[in-house]
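Enquirer: Here it is, the structure, as structure tokens.
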Amino acid sequence: MNVRVLFLALLLLASPLLQVARCQVDAEDHSSIVDDVVGEHSDSGAEEDDQDLDNINLTSAPGVETVSVFPKNSAKVVPAGEETELLVALKNDGITDSLSFFLSVACKSSVGVMGIRASVHLPYDHKLLVQNLTMMRYNNASIPTSVQATFPYIFAVSQYLQPGAFDLVGYIIYDVEGKPYQSVFYNGTIEVVESGGLLSGESVFLITLGIALLLLLGLWAYSQVQRLTKKTKKVSKVEVGTRSTDASLDEWLEGTHLAKTLSGKSKSKKN
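Written as structure tokens, this is what we have:
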């Protein structure tokens, strides 16, 4: 019994040393993996890099946190064919590994950032890939434990991409003690618009259509006004001989030859 207690105490005292030794061994074991990953893509083109890295199935490392922000574009509007900047922050909290059932020690290892890549997908199905974006490399930029570093990622979607909502998925690839990992720093919607300022082709078409409709409406209103004006200018016909004479005029003409002539005409009309 005493031997077991003594062995357990020695194990507890030696655990930190064993953990440090294991961290170093892991670094040596996985250094070749990182060299292979970096070496395979260091001399190839951007398109080959994207295709090869897409085939690498990496997981995220515990103790590594990521966050991203569009510094000059809070609305996440991406003009087609133009560069858009995205800032990616990575914080190294240290890797925690359990050596025993009752002891857990953190490896204070640095994180080496290898690069950042992203892809554009249809919003309703991420299996439908629209475009693989350019990968930016950082040559294993080292981030010590409890330190946060920010990396810019500049990308541009195709100028032929139709305007609309798409999903952007971004990955940051890094290594911890020689073992490669990747974490998703952004998985959300972006709004792709046409480049060339505030007025897009659709906006110009709508404005032109509105002006044409206003012109047609103005021509129709002008024709209606002209028609009403012509009707009011028509002179009404006045029948001769139907106008009644003034009583004072009849009195003045009474007894004259003209009065007798007028009275004779009126009598003949009555008959």
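Quick note, the sequence shown lines up with residues -23 to -1, 1 to 248 if you use mature numbering (1 follows the signal peptide of the UniProt record, and there is no 0). All residues carry an ideal CB built from backbone N, CA and C; glycine is no exception.
(1) Which term fits S51, buried or exposed, when burial requires 16 or more other beta carbons within 10 angstroms of its beta carbon?
(2) Given a cut-off of 9 Å on the beta-carbon distance, is the pair S160 and A38 in contact?
(3) Leaving out the 5 sequence neighbours to the left and right, which residues in its chain are closer than 8 Å to T43 when beta-carbon positions are compared?
(4) Hey, out of V169, T61, L191, whose CA is closest to G141's CA?
(5) Do you know whose CA, among V88, F132, L138, E59, lies nearest G71's CA?
(6) Report buried or exposed for D102, applying the criterion of at least 16 other Cβ atoms within 10 angstroms of its Cβ.
(7) According to DSSP, is G141 helix, strand or coil?
(8) Looking at the strands, I want to know which residues DSSP matches up with M113.
(9) On the criterion of 16 or more Cβ atoms from any shown chain inside 10 Å, does Y199 qualify as buried, or is it exposed?
(10) Tell me which residues share the same chain as V90 and place their Cβ nearer than 6 Å to its Cβ, disregarding the 5 neighbours each side in the sequence.
(11) Whole angstroms is fine: what's the gap from V153's alpha carbon to F182's?
(12) Roughly how many angstroms lie between the CA atoms of V202 and V134, to the nearest whole one?
(13) Where does T166 land, buried or exposed, given buried means 16+ other C-beta within 10 angstroms?
(14) Can you check which of these residues, E59, Y137, L145, is closest to R94 by C-alpha distance?
(15) Note the first and the last residue of the continuous beta strand (DSSP E) segment covering K156.
(16) Judging by CA-CA distance, which residue of I131, P48, I184 is the nearest neighbour of S96?
(17) Is F47 helix, strand or coil by DSSP?
(18) Where does S45 land, buried or exposed, given buried means 16+ other C-beta within 10 angstroms?
(19) For E62 versus P129, is the C-beta distance shorter than 9 Å?
(20) Return the CA-CA distance between T36 and G147, expressed in angstroms with no decimal places.
(21) What does G147 pair with, by DSSP beta-bridge criteria?
Expert: So, from the data block:
(1) Exposed: under 16 other Cβ atoms inside 10 Å.
(2) Their beta carbons are under 9 Å apart, which means S160 touches A38 by this criterion.
(3) Counting only Cβ-Cβ distances below 8 Å, and skipping sequence neighbours, we find V65, A66, L67, K68, I149, S160, V161, F162.
(4) Comparing Cα-Cα distances from G141 to each of V169, T61, L191, the minimum goes to V169.
(5) When each option's Cα is compared against that of G71, the closest is V88.
(6) When all chains shown are included, D102 counts as exposed.
(7) Here G141 carries a strand assignment [DSSP, helix/strand/coil].
(8) For M113, which the question treats as bridged, DSSP gives the partners I93.
(9) Within a 10 Å sphere around the beta-carbon of Y199 sit fewer than 16 other beta-carbons, which makes this residue exposed.
(10) Same-chain partners within the cutoff: Y115, A118, Y151.
(11) Distance between the alpha carbons of V153 and F182: 54 Å.
(12) Approximately 54 Å, taken between the alpha carbons.
(13) By the neighbour-count criterion, in which a residue is buried when 16 or more other Cβ atoms sit within 10 angstroms of its Cβ, T166 is exposed.
(14) For R94, the nearest C-alpha among the options comes from L145.
(15) Taken as a continuous stretch (DSSP letters only), the beta strand (DSSP E) holding K156 covers 156 to 170.
(16) The shortest CA-to-CA distance from S96 to any of I131, P48, I184 is the one to I131.
(17) Note: F47 maps to coil in three-state DSSP.
(18) By the 16-neighbour rule on beta-carbons within 10 angstroms, S45 is buried.
(19) Cβ atoms of E62 and P129: closer than 9 Å.
(20) Taking the straight line from one Cα to the other gives about 14 Å.
(21) Its beta-bridge partners are A95, Y163.
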